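First comes the structure, then the notes that go with it.
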Amino acid sequence: MQQVDGEAGRLKSEADEPGWEVDPDDDWGVAVVATVGRQLKLRREAVGMRAAEFGKAVGYGEDMVYKIEGGKRIPQPEYLDKADEVLGAGGLLSAMKEDVKRVRYPKKVRDLAQMEGRAVELGVYVCHSISGLLQTAGHARVAFESRQPPYSEDEVERMVAARVARQSIFERKPAPSLSFVLEEAPLRRPLGGTMVWRQQLERLLEVGLLRNVTLQVMPTHCEVHPGLDGRIELLKFEDGTAVGRADGAFNGRPISDPRQLRILELRYGTIRAQALPPRESLAFIEQLLGET
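Those letters in the sequence shown? Residues 61 to 352, by the working numbering.
Here's what the structure looks like:
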């Protein structure tokens, strides 16, 4: 392993930052990383710095510099900030951080987040878990770590980051109208232990008190309802269009046909009518929190 003098310490390699590979099936991601890498290389060569010299200046090994410049690795935000400073780019390289950040998230998650980011109304029913939009990072991490076959540590961190990033929907202005129906059983499951469970319940109470959010609990004693097949999602947009998806209906694929959407709206409306009212739902979660 290469060393640098003084406070810089050991140069970073792939062993230090695993999980930042480019998905070859993600055409947009490949294009973004290739463009960023090309810009980095052009600016480095313009100031007459060799890859090894530049790598030492930013704290990375020469091999990592070549892979980033060749579009084979996704650069960390800190890498772009240091490169901007070392190469005197005046903020142009640092400005690429937002696009690069999105590339790290799986394509299907980016597509979902993009739709959620445009929605003016969103309705979600989840049967066997807590909606990803409502999960704390700790809860999401434990949920991903429980999958079989197991994900690698880097895959888990990547998916947790993507899930948390989707929650920026709660910070949008103007705020969209958000509705969630959660089953009682997952709320009672102490996933991750008492502390993680408490933090998750506290997060649900926090979100449930937002003026643009309606949060309801489907009690276990409700024997039959139209959501027993699984998840239902409905997104409505400002231009009057809508997209829906449901496990067990229309093969689980996204739909936009008005006739099919009406079926999902009927099911979701019935689920909301059978669930506890919002005030009683928050009181129920408070009771669970008191039992932990």
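Every residue gets a Cβ at the ideal spot worked out from N, C-alpha and C, and that includes glycine.
Remember, predicted model here, so these are calculated numbers, not experimental data.
Residue i to residue j span [Cα, whole Å]
i: Pro84; j: Thr95; result: 15 Å
i: Val92; j: Lys101; result: 14 Å
i: Leu153; j: Lys72; result: 20 Å
i: Tyr211; j: Ala203; result: 11 Å
i: Gln136; j: Ile229; result: 24 Å
i: Arg322; j: Asp86; result: 33 Å
i: Val273; j: Leu265; result: 11 Å
i: Ala179; j: Gln320; result: 19 Å
i: Phe114; j: Ile128; result: 12 Å
i: Gln99; j: Ala235; result: 37 Å
i: Arg258; j: Val224; result: 18 Å
i: Val107; j: Trp80; result: 27 Å
i: Ser239; j: Glu145; result: 45 Å
6 Å CB neighbourhood of residue i in its chain, flanking five on each side removed
i: Gly268; result: Leu275 and Leu342
i: Gly350; result: none
i: Arg263; result: Thr196
i: Pro314; result: Val303 and Arg305
i: Gly131; result: Val93, Ala94 and Gly97
i: Cys282; result: Gln334
Nonlocal neighbours in the same chain, by C-beta distance under 8 Å from residue i, ignoring five residues either side
i: Ile331; result: Tyr185, Val241, Met278, His285, Pro286, Gly287 and Ile292
i: Ala149; result: Arg103 and Ala143
i: Val64; result: In this prediction, Val64 has a pLDDT of 43, which is less than 50 and means its spatial position is unreliable; what the coordinates show is noted afterwards. Cβ neighbours of Val64 beyond the five flanking positions: Arg70, Leu71, Lys116 and Gly119.
i: Val220; result: Ala197, Ala200, Arg201 and Phe204
Per DSSP, cross-strand counterpart(s) of residue i
i: Lys101; result: DSSP lists no partner for Lys101.
i: Tyr120; result: Lys72
i: Tyr185; result: Val241 and Ile292
i: Ala112; result: The partner list for Ala112 (beta bridge, DSSP) is empty, contrary to what the question assumes.
i: Arg133; result: Glu81
i: Ala306; result: Ile292 and Ala309
i: Ala179; result: Phe297
i: Ile315; result: Gly304
Nearest-angstrom beta carbon gap, residue j and residue i [assumed within contact, 8 Å]
i: Leu324; j: Ala306; result: 6 Å
i: Thr280; j: Ala333; result: About 17 Å; that fails the 8 Å criterion.
i: Leu193; j: Leu295; result: Contact flag wrong, Cβ pair sits at about 12 Å.
i: Leu251; j: His199; result: 6 Å
Contacting residues, own chain, Cβ-Cβ under 7 Å from residue i (five flanking each side not counted)
i: Asp159; result: Val92
i: Ala112; result: Glu122
i: Val163; result: Gly89, Val92, Val93 and Ile134
i: Glu138; result: none
i: Asp141; result: Ser154
**Q.** Any beta strand (DSSP E) of 3 or more consecutive residues that is wholly inside the segment 260-304
**A.** Every beta strand (DSSP E) stretch that sits fully inside the segment 260-304 and reaches 3 residues is listed by chain position as 273-278 and 292-297.
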